[in-house]
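Note sheet for the following structure.
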Amino acid sequence: MPELPEVESVASGLRTWAAGRRVTGVRVFDPRILGTTSNRTIAAGAVEEFTELLTGREIAAVERRGKFLWLPLAPERGPWRPGRAVDPSGPPLALSVHLGMSGQFRVHTPADPLHRHTRAVLDLAGPGPAEADPAAPPTELRFLDQRIFGHLGVEPLVPDPHRPGAQPDGTAGLVPGSAAHIAPDPLEPGFDLEAVGRRIQRKRTALKVALLDQTTVSGIGNIYADEALFAAGIHPLAPAGSTRISRIRAVLAAADAVMRSSLEQGGTSFDALYVHVNGDSGYFARSLQVYGRTGRPCPRCGTPITRLTVGGRSSHVCPACQRPPRRARIG
DNA sequence: CTTCAACCCTGGCAGC
DNA sequence: TGCTGCCAGGGTTGAA
């Protein structure tokens, strides 16, 4: 399940394989990836619009906030004329991406057989990465998604509401409109851990639910929430509002640390649902302390790990290292 | 304003 | 064997 480290690993692969190259062709095999995750009503002409907006454009960069990815498109060359799809004097556009539960980008040569979960293909032209075989550089960027919770779109970039007053420099300081509500993630340079901690303490939910709220702090998903809470020795059902601020700061710092550590190992792969753009798996699964380890001994004290449901998500705790809150409450 | 539950989706698995 | 039902969990939406 892609969380921040997995999405950043994908972004890194796209920086190598897609940035600086031009999209020469677009094929959408399943239009549902162009809708939002909860509304599968695909507007008439959505495939045609997506194709027209993307074809011929150069991918200028690869950006990420939390679990959201976007690829700003270079300004179109030449003077704009009525009838042309893109007005270069208009707002800059980006290919926005969310991997959902099972989205992947894979680089391929056209001769490679199509995986049955391939939902869209972008043909890429222009120089590939230096390390690629110049005789046969992969020229297809394929978007695979088993469960179709992922999303692709082309949309305008807007000023980052989380950096008020910041002067955009090119497309830096801009975010896709569909991600404008997403809070900064712990790996961003300007991440304000103190302010996020205070905001979490004002919530009336379980601490884990607060950690998973992407409008408060982004990038943390079910795996890293469990790992961060274990590292900080806090139970996921601890009420956010009555947890000491020092402990809230500790769990945020733990989330930052565990996600950086995972990123160094290429992210967490349980199965074929998360792989890098070249098909490789990440290696952090073997470093997980509690997630998915129900019944196995706590690496710190040996007590068997137990599983409970918090906010509708499975949660994994060491019942000894993470003492339950005094007043049992509903997740 | 905040919080909550339904919904979107496929594949793997348990149970019959 | 083959069917049914449940579960996994990103995010959005609208109701309370």
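Numbering follows UniProt numbering, with no gaps: position 51 of the first sequence is 51.
Beta carbons: idealized from backbone N, C-alpha and C, even for Gly.
Grab me the residues of residue i's own chain with a C-beta within less than 6 Å of its C-beta, minus the 5 sequence neighbours each way, in chain order.
i	result
R300	C321
I330	Any reading at I330 must be qualified, since the residue scores a pLDDT of 39, below 50, and its modelled position is unreliable; the value itself is stated next. Answer for I330: no residue qualifies.
V47	V28 and P31
F191	P184
A257	none
R57	V23 and L73
Do you know whose CA, among the options, lies nearest residue i's CA?
i	options	result
T109	R119, L95, N222 and L124	L124
L54	L114, F68, K67 and L73	L73
R22	H235, R65 and P127	P127
G100	P91, P186, F149 and L144	F149
T215	A111, P186 and V310	P186
G279	R326, F105 and S89	F105
V161	D256, T205, A232 and H181	For the record, residue 161 in the displayed sequence is Pro; it is not Val. The shortest C-alpha separation from P161 is found at H181.
A179	G20, T118, F68 and M1	F68
E140	V217, G165 and L114	L114
I59	T51, W70, E52 and G66	W70
N222	V158, L122 and S315	S315
H151	E264, L288 and F50	F50
Y291	S269, D226, S261 and Q265	D226
G219	A111, R260, L288 and Q265	R260
F230	V121, R293 and A94	R293
P2	A285, A120, C318 and R307	A285
R64	T171, L193 and I42	T171
residue 332	R202, F270 and R313	It is not possible to answer for residue 332, since the shown part of the chain is limited to 1 through 331.
Mind reading off the beta-carbon distance from residue i to residue j? Whole number of angstroms is fine, and I expect it under 8 Å.
i	j	result
E155	G173	In fact, because the Cβ distance is near 17 Å, the residues do not count as touching under 8 Å.
G267	S9	5 Å
G66	L157	About 16 Å separates the two Cβ atoms, so there is no contact after all.
Q265	S281	No, Q265 and S281 are not in contact; Cβ-Cβ is about 10 Å, not under 8 Å.
Please state whether the Cβ-Cβ distance between residue i and residue j is less than 8 Å.
i	j	result
G25	S96	no
P145	S102	It should be pointed out that residue 145 corresponds to Asp in this sequence rather than to Pro. Yes.
G165	R204	no
W17	V277	yes
A272	A255	no
F143	I33	yes
E6	Y274	yes
V107	P75	no
Within the continuous alpha helix (DSSP H) that includes residue i, where are the two ends?
i	result
F230	N222 to A232
T309	No alpha helix (DSSP H) contains T309, which is instead part of the beta strand (DSSP E) from T306 to V310.
A250	I245 to E264
G13	L4 to W17
Residues in the same chain with beta-carbon distance under 7 Å from residue i, minus the five sequence neighbours each way, listed in chain order, please.
i	result
H197	Correcting the residue type first, residue 197 is Gly in the shown sequence and not His. Once the five neighbours on either side are set aside, the close Cβ partners of G197 are I245, I248, R249 and L252.
G311	A206, K208, V209, L212 and G331
P325	H235, L237, A238 and P239
R15	V62
R323	H235
A11	V62, R64 and L69
Along the beta strand (DSSP E) that carries residue i, what are the first and last residues, could you check?
i	result
F50	Careful: F50 lies outside any beta strand (DSSP E), inside the alpha helix (DSSP H) at A46 to L54.
T24	R22 to V28
G153	H151 to P159
By Cβ distance, which residues of its chain are closer than 8 Å to residue i, with the 5 residues on each side in sequence left out?
i	result
R296	P304 and I305
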